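Undergrad:
Numbering (the working numbering), first residue to last: 1 to 246.
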């Protein structure tokens with residue numbers, strides 16, 4: 001586009017020199033004189049044209065229009081101004097295009113950086129999710145072990161309670177036997193002594209059973225508290241994981 005404008009300007013600059021070198025043809029100054037000579041292409045009396053097999057040819061002498069060189073110069077200047085304006089607009093468009101290209105490159109770099117950051121955050125989230133799942137698995141295993149221990153402690157406590165009941169029943173029976181032995185104490189001191197020893201042994205067994213029951217009850221209470229604490233910790237961890245997922 002710029003090269004075409006430059007060629008046009010050079011052609012316009014060459015026209016005035018040609019106009020000064022040739023004698024202008026008067027075209028008239030009114031309707032009757034035909035200001036624009038429609039017969040300019042016709043044969044002039046003082047011109048000899050060459051006719052060939054292809055018809056009419058241009059005259060040997062150029063026929064420039066009777067225009068003022070000042071008007072041509074002014075038109076040339078106007079064309080130069082328009083060309084300069086077009087050049088400035090082209091330069092401005094080029095600068096805008098370069099600025100848009102720089103902005104596009106910057107936006108592309110920002111997008112690549114954002115993509116890399118998102119990928120890194122995604123990988124960190126995957127690692128955190130794996131850790132959370134592992135923690136959930138550990139907590140689940142611990143909860144299962146605690147529940148199993150609690151059930152075992154409950155079974156032990158139930159067995160201790162049954163044993164205590166049987167011991168109390170045996171103690172009651174021993175007391176009844178002791179009363180019977182005391183009835184027969186007057187008849188046999190040896191029988192009374194043996195009955196007393198048996199009673200003492202039974203009482204010792206009863207005391208031991210009470211101690212075992214107390215320990216079993218204490219263990220059961222401790223396991224119950226531990227189960228509650230683990231349940232509370234599990235709920236806290238579950239709430240924290242839910243907040244992390246959100």
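Don't be surprised by glycine CBs; every beta carbon is placed ideally from N, CA and C. Just so we're clear, the structure is a prediction, and the values are computed from it rather than from any experiment.
1) Check whether the Cβ atoms of residue 157 and residue 219 lie closer than 9 angstroms to each other.
2) Can you check whether the CB of residue 154 is closer than 9 angstroms to the CB of residue 209?
3) Buried or exposed: residue 91, going by 16 or more other Cβ atoms within 10 Å of its Cβ?
4) Would you kindly check if the distance between the Cβ of residue 170 and the Cβ of residue 206 is under 9 angstroms?
5) If residue 227 sits next to residue 146, beta carbons under 8 angstroms apart, how far is it from one beta carbon to the other, in whole angstroms?
6) Quick one: Cα of residue 174 to Cα of residue 217, how far?
7) On the CB-based measure, 16 or more other CB atoms within 10 Å of its CB, does residue 223 come out buried or exposed?
8) Using only the alpha-carbon positions, how far apart do residue 39 and residue 80 sit?
9) Between the Cα of residue 197 and the Cα atoms of 177, 82 and 124, which residue gives the shortest distance?
10) Might you give, ordered along the chain, the residues of its own chain that have their beta carbon closer than 6 angstroms to the beta carbon of residue 74, omitting 5 neighbours on each side?
11) Determine the contact status of residue 233 and residue 139, defining contact as a CB-CB distance below 9 angstroms.
12) Measure the C-alpha to C-alpha separation of residue 236 and residue 165 and round it to an integer number of angstroms.
13) Rounded to whole angstroms, what is the Cα-Cα separation between residue 120 and residue 101?
14) In whole angstroms, give me the CA-to-CA distance for residue 285 and residue 162.
15) For residue 137, which residues of its own chain have a beta-carbon under 7 angstroms away from its beta-carbon, when the five flanking residues on both sides are left out?
16) If you draw a straight line from the C-alpha of residue 88 to the C-alpha of residue 118, how long is it?
17) From this set, 212, 103, 183 and 179, which residue's C-alpha is nearest residue 199's C-alpha?
TA: On the basis of the supplied data:
1) The residue you call residue 157 lines up with position 157 of the chain shown. The residue you call residue 219 lines up with position 219 of the chain shown. Going by C-beta atoms, residue 157 is nearer than 9 angstroms to residue 219.
2) Position 209 of the chain shown, counting from 1, holds the residue named residue 209. Position 154 of the chain shown, counting from 1, holds the residue named residue 154. Cβ distance not < 9 angstroms, so residue 209 and residue 154 don't count as in contact.
3) Against the chain shown, residue 91 aligns to sequence position 91. Under this definition residue 91 is an exposed residue.
4) By one-based count along the chain shown, residue 206 stands at place 206. By one-based count along the chain shown, residue 170 stands at place 170. It is a contact, given that the beta carbons lie within the stated cut-off.
5) One-based indexing of the chain shown puts residue 227 at position 227. One-based indexing of the chain shown puts residue 146 at position 146. 5 angstroms between Cβ atoms; contact.
6) What you label residue 174 is simply residue 174 of the chain shown in a count that begins at 1. What you label residue 217 is simply residue 217 of the chain shown in a count that begins at 1. Whole-angstrom Cα-Cα distance: 26 angstroms.
7) Counting from one through the chain shown, the residue named residue 223 turns up at place 223. By the 10 Å Cβ count, residue 223 comes out buried.
8) Along the chain shown, read from residue 1 onward, the residue named residue 39 stands at position 39. Along the chain shown, read from residue 1 onward, the residue named residue 80 stands at position 80. Per-residue confidence for residue 39 stands at a pLDDT of 46, beneath the threshold of 50, marking its modelled position as unreliable; no derived number is given.
9) Locating residue 197 in the chain shown gives position 197, counting from the first residue. Considering only alpha carbons, the answer is 177.
10) Locating residue 74 in the chain shown gives position 74, counting from the first residue. Result list for residue 74: empty, nothing under 6 angstroms.
11) Residue mapping note: residue 233 aligns to position 233 of the chain shown, counting from 1. Residue mapping note: residue 139 aligns to position 139 of the chain shown, counting from 1. Yes.
12) If you number the chain shown from 1, residue 236 lands on position 236. If you number the chain shown from 1, residue 165 lands on position 165. The straight-line gap from Cα to Cα measures roughly 41 angstroms.
13) As a working note, residue 120 is residue 120 in the chain shown. As a working note, residue 101 is residue 101 in the chain shown. Distance between the alpha carbons of residue 120 and residue 101 is about 28 angstroms.
14) As displayed, the chain neither begins before 1 nor continues past 246, which places residue 285 out of reach and without an answer.
15) Walking along the chain shown from the start, residue 137 turns up at place 137. Excluding positions up to five away in sequence, the list is empty.
16) For the purposes of this step, residue 88 is taken as residue 88 along the chain shown, with counting starting at 1. For the purposes of this step, residue 118 is taken as residue 118 along the chain shown, with counting starting at 1. When rounded, the distance between both Cα atoms is 44 angstroms.
17) Indexing the chain shown from 1 puts residue 199 at position 199. Cα-wise, what sits closest to residue 199 is 179.
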